[in-house]
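In our numbering, the protein residues as written are 165 to 1137. Glycine included, C-beta positions come from ideal geometry on N, C-alpha and C. Here the structure is a predicted model, which means the values were calculated and not measured. Here's the structure we're looking at; comments come further down.
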């Protein structure tokens, strides 16, 4: 603040307040904690936000709001080097026109002017006010008046506006608003901890000034939840820029910078672990950095870091949980028994009927919870808060904790989530329910996600309970297998088999089937393909013979469940009888076929995997097993996309992502396969932005070398198209290395080699490209032959290229993957054109268009060899059955456009969608929230929300699903 208002820590105010002293420490930011890590991306976000009326930095305690505002304010002051001004600093860079970078000598965050340069007239002066608990309207206005006087201190050509000492009357507000509006230089006011004002009337005068000062008053506000400012009105008017927890969270690089600043050396894996465990929460990271200084083994300490650390737990209790009302804290505490909750589950756990409102408030007002975009939405706590709440659950009386588990078990069992229901039934000691649930729903208890945390095992049932009901031992084995604990699962399985020696014949046959299914699961957990195939064969051998008692296939195989009861009473045991021979047979075929498909996929035998998934998908649908259906549909979609069957791939992938098991952060690996299929579809349709977006969401599936190689192909082509040839080469080489030792992955290896030779050729290294193809085990394979023809054409030898090109019109070529066949067809047309045979070139091009049209292929034409555009243009003049497509491709061959497949649909809109709006529209089909979409695209949440509002307006929609449905009807997506 200006020096003339400082006086030994106390500011003297103007007459009229009886000399009431004001603390200078509340009129300037406190020094930030050292060492301080400057975060230019956040400084830039504040710079951009202050071009508008209000910038809101809102997050729970410990997210670095005050530190960010203080460092930004001080950096601005240092850059400006003037009393109380931020005009020459990083503030409102947007107001001074677009800038690419800050000039040399600018302070961190100074993206508009270097220190000492003349101030631009539209840049604001700034002042700071720290709000304290207990501030009423009079006290708050005293500080606001002092801050406004500091920011409007004479120095401009205009006189200082009349700022009253007391909360102003309406006439005084009008005079002050008019004076501010007349100023050439805006006034910027930073209000920290504004949530401490509980009376909305205290801010009435400030809101009046915001509305009537013609944007010459701008606010930057730091707050937690419950702020009295009219946020919704500002957001609706487009006058609010928001910075929330997702933006404030430390990135991996920022975590590394913080540790380095504290003198801590931690391996990259430890940095990633800290980032995952903290969710980027700044306070926890600072606690960890301080504690790591004295650790003899920092990597091990980081691996064990959690919310039960005394400093972290104390901070969470005092700063986060203490500020919640008792009802909200009760919902959080009881919901901690589950990893994620929706309103229905929370109602069942709490016995309340208003949990949805509480959860929505905790997610939207300060961002304490994260929410997905499923319907109904699911919520989850940040990792460290979840650790603390779990620890508090452990201190509950045994009966109360058991009651929570039983409530959860009942809700999960009745709502299509048997794996969670089984876990909670065992944890709650409801052994009858657990055994019955396993017998009735065993196919849905097979684990498919590999990143499921093991969790704490429930207490084992008494031995006499297993002897009385051996299926209970199998249920315990299934629960541990689902948690990835193969050793414990095998122990439970042995105990169950030992207890089942005296079972009667009909029950013994069913028991043998269940045991074999568990053996198949354990073989998959052991990553033993031969054991998986043997166990699958044994399981298929247990298929029941059809009997007259088998149910009518027209009757649903899954009986309707009764409505869930939120009460603590234990429901009667579920029927443990089999569903009938037809249903059991479908279950066996679905589970065994899925296991075989996964084994074939892991080996790289894509045709065998495709056949297995097609059969098991049909069986899963016949049996009504949604979980198994999701596994098969997502992988089948990927295999369809690999072969170029884009329509089938897109339909299957979107159907898979819409299935209930995908909601609530479940089945991430299955969803990732579907996203990878959509990435390939977008790649072949030459929609690079959509391909990039879906590829980013496919990361959980890329741990397997074969699926990782498919993702690498997609990534490498995108990099090649973007001109990053060295990185594309590296990605392909790494993928090929990971496939070593998989002889059945020959087809995929051929594609990788072909893509790598194409990248080498594009880099001008034609000799290396030839050598790479010549060393391949089967150099005559169609992808390699087409790649060699392309290399020879680039080398200027069309004759050699024609000799190398395989016959893509032969009967055998009908079985090639469509991308390979299309590449050969387009290359053949180019060779015919080079030879002067325009008639043959036109015929070949028309045949290629016939192949490409039904699936919507574009990339084979737009990213093909030089000269394809001329062929397409000549083909338009000669006449074609694909005139609209060829016309579009002629434009796309020069400048591929993200919107090209949707050109015909945009004509139905009064105002076409922009490229960025189309990209965000495609994200709206997913379960990602606006915050997660913003993170994927490296945009601010406010920017994404603005685009979403524009999308709704242009599509005449009011909801997300409505917008997606209308966009699909217009062929925009």
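Same chain, Cβ closer than 6 Å to residue 1029, neighbours up to 5 away in sequence not counted | As a first step, residue 1029 is located in the chain shown; it is residue number 865 there, counting from the start. Closer than 6 Å at Cβ, skipping near neighbours: 994.
Just checking, does the region 630 to 641 make contact with the region 883 to 902 on the three C-beta pairs under 8 Å criterion?
-> Of all C-beta pairs linking the region 630 to 641 to the region 883 to 902, fewer than three are shorter than 8 Å, placing the two stretches out of contact.
Three or more beta-carbon pairs under 8 Å between the region 770 to 782 and the region 591 to 607, yes or no?
-> At 8 Å Cβ cutoff, the stretches do not touch.
Could you tell me if residue 1042 is buried or exposed, where buried requires 16 or more neighbouring beta carbons within 10 angstroms of its beta carbon?
-> Within the chain shown, the letter at position 878 stands for residue 1042. It counts as exposed.
Measuring CA to CA, which of 788, 620, 476 and 1016 is closest to residue 645?
-> Indexing the chain shown from 1 puts residue 645 at position 481. By alpha-carbon distance to residue 645, the top candidate from 788, 620, 476 and 1016 is 620.
Is residue 339 closer than 9 Å to residue 213 when the C-beta atoms are compared?
-> As a first step, residue 213 must be located in the chain shown, where it is residue number 49. As a first step, residue 339 must be located in the chain shown, where it is residue number 175. Their beta carbons are not under 9 Å apart, which means residue 213 does not touch residue 339 by this criterion.
Spatially closest choice to residue 687 from 437, 612 and 515, by CA coordinates = Translated into the one-based positions of the chain shown, residue 687 becomes position 523. Of the listed residues, the one whose Cα sits closest to residue 687 is 612.
Using DSSP with H/G/I as helix, E/B as strand and the rest coil, what is residue 980?
-> Mapped onto the chain shown, residue 980 falls at position 816. Per DSSP, reduced to three states, the secondary structure at residue 980 is coil, with no helix or strand assignment.
Counting along the chain, where does the alpha helix (DSSP H) carrying residue 950 start and finish?
-> Position 786 of the chain shown, counted from the first residue, corresponds to residue 950. For residue 950, the enclosing alpha helix (DSSP H) has its first and last residue at 946 to 958.
What number of angstroms, rounded off, separates the C-alpha of residue 753 from the C-alpha of residue 780?
-> Numbered from its first residue, the chain shown carries residue 753 at position 589. Numbered from its first residue, the chain shown carries residue 780 at position 616. If you take the alpha carbons of residue 753 and residue 780, they lie about 6 Å apart.
Burial state of residue 1071, where buried means 16 or more other Cβ atoms lie within 10 Å = Taking the chain shown and counting its residues from 1, one reaches residue 1071 at position 907. Unreliable placement is indicated for residue 1071, whose pLDDT of 47 sits below 50; the coordinate value is still reported in the next sentence. Residue 1071 is exposed by the Cβ-count criterion.
7 Å Cβ shell around residue 1119 - same chain, five flanking residues per side excluded | On the chain shown, residue 1119 is found 955 positions in, with the first residue counted as 1. Contacts found: 1127, 1130 and 1131.
Ordered along the chain, which non-local residues of its own chain (more than five positions away) have a Cβ less than 6 Å from that of residue 439?
-> The residue labelled residue 439 in the question sits at position 275 within the chain shown. Cβ within range, chain order: 416 and 419.
Might you give, ordered along the chain, the residues of its own chain that have their beta carbon closer than 7 Å to the beta carbon of residue 661, omitting 5 neighbours on each side?
-> Residue numbering aside, residue 661 sits at position 497 when the chain shown is read from its first letter. Hits under 7 Å: 679.
Could you tell me the boundaries of the beta strand (DSSP E) in which residue 542 lies?
-> As a position in the chain shown, residue 542 is number 378, starting the count at 1. Element bounds for residue 542: 542 to 544.
How would you call residue 561, buried or exposed, if buried means at least 16 neighbouring beta carbons within 10 angstroms?
-> In the chain shown, the residue the question calls residue 561 occupies position 397. When all chains shown are included, residue 561 counts as exposed.
Which runs of the alpha helix (DSSP H) fall wholly inside the region 293 to 367 and span at least 4 residues, in chain order?
-> The region 293 to 367 contains, as complete alpha helix (DSSP H) runs of 4+ residues, the segments 301 to 315 and 334 to 345 (chain order).
Bridge-paired residues (DSSP) for residue 386 | Taking the chain shown and counting its residues from 1, one reaches residue 386 at position 222. For residue 386, which the question treats as bridged, DSSP gives the partners 221 and 356.
Residue ranges of each alpha helix (DSSP H) within the region 1000 to 1050, 4 or longer = Every alpha helix (DSSP H) of 4 residues or more that sits fully in the region 1000 to 1050 is shown, in chain order, as 1002 to 1016, 1023 to 1026 and 1032 to 1042.
Reducing DSSP to helix, strand and coil, say where residue 501 ends up.
-> Position 337 of the chain shown holds residue 501. Three-state result, residue 501: coil.
Could you pull out every residue in the same chain whose Cβ sits closer than 6 Å to the Cβ of residue 532, ignoring the five residues on either side in sequence?
-> For the purposes of this step, residue 532 is taken as the residue at position 368 of the chain shown. Excluding sequence neighbours, residue 532 sits near 224 and 526.
Helix, strand or coil: how does DSSP classify residue 809 here?
-> Stepping through the chain shown from its first residue, residue 809 is reached at position 645. For residue 809, the secondary structure class from DSSP, reduced to helix, strand or coil, is coil.
Answer with buried or exposed for residue 356, where buried requires no fewer than 16 other C-beta atoms within 10 angstroms of its C-beta.
-> Position 192 of the chain shown, counting from 1, holds the residue named residue 356. Under this definition residue 356 is a buried residue.
According to DSSP, what are the bridge partners of residue 406?
-> Translated into the one-based positions of the chain shown, residue 406 becomes position 242. Residue 406 is bridged to 220.
Give the secondary structure of residue 917 by DSSP, where H, G and I count as helix, E and B as strand, and everything else as coil.
-> Within the chain shown, numbered from 1, the residue matching residue 917 stands at position 753. Helix, per DSSP.
Could you round the C-beta distance between residue 954 and residue 925 to whole angstroms and report it? I think they count as a contact, below 8 Å.
-> Taking the chain shown and counting its residues from 1, one reaches residue 954 at position 790. Taking the chain shown and counting its residues from 1, one reaches residue 925 at position 761. Sure, about 7 Å apart at Cβ, within 8 Å.
Nearest-angstrom beta carbon gap, residue 684 and residue 696 [assumed within contact, 8 Å] | One-based indexing of the chain shown puts residue 696 at position 532. One-based indexing of the chain shown puts residue 684 at position 520. The pair is a contact, with the Cβ atoms about 7 Å apart (cut-off 8 Å).
Environment of residue 913 [buried if 16+ CB atoms lie within 10 Å] = Numbered from 1 along the chain shown, position 749 holds the residue referred to as residue 913. Classification for residue 913: buried.
Thinking just about the alpha-carbon of each residue, which of 652, 788, 942 and 795 is nearest to the one in residue 758?
-> Here the question's residue 758 lines up with position 594 in the chain shown. Shortest Cα-Cα distance from residue 758 to any of 652, 788, 942 and 795 involves 795.
Residue 465, enclosing alpha helix (DSSP H) - first and last residue | Residue numbering aside, residue 465 sits at position 301 when the chain shown is read from its first letter. Its alpha helix (DSSP H) spans residues 462 to 468.
Going by the CB atoms, is the gap between residue 456 and residue 445 shorter than 9 Å?
-> Within the chain shown, the letter at position 281 stands for residue 445. Within the chain shown, the letter at position 292 stands for residue 456. No Cβ-Cβ contact shorter than 9 Å links residue 445 with residue 456.
Whole-number beta carbon distance between residue 580 and residue 824, since they are thought to touch under 8 Å = The count along the chain shown starts at 1 and reaches residue 824 at position 660. The count along the chain shown starts at 1 and reaches residue 580 at position 416. Under the criterion of beta carbons closer than 8 Å, residue 824 and residue 580 qualify as touching, at roughly 6 Å.
Which partner residues does residue 535 have in the DSSP bridge list?
-> The sequence position of residue 535 within the chain shown is 371, counting from 1. Beta-bridge pairing links residue 535 to 543.
Answer yes if the region 599 to 610 comes into contact with the region 571 to 585, meaning at least three C-beta pairs across the two stretches below 8 Å, and no otherwise.
-> Yes, the region 571 to 585 is in contact with the region 599 to 610.
Quick one: is residue 967 buried, meaning 16 or more other Cβ sit within 10 Å of its Cβ, or exposed?
-> The residue you call residue 967 lines up with position 803 of the chain shown. Using a 10 angstroms sphere on the CB of residue 967, the tally of other CB atoms stays under 16, which defines it as exposed.
Taking C-beta to C-beta, are residue 765 and residue 871 nearer than 9 Å?
-> By 1-based counting over the chain shown, the position of residue 765 is 601. By 1-based counting over the chain shown, the position of residue 871 is 707. Using a Cβ distance threshold of 9 Å, residue 765 and residue 871 count as a contacting pair.
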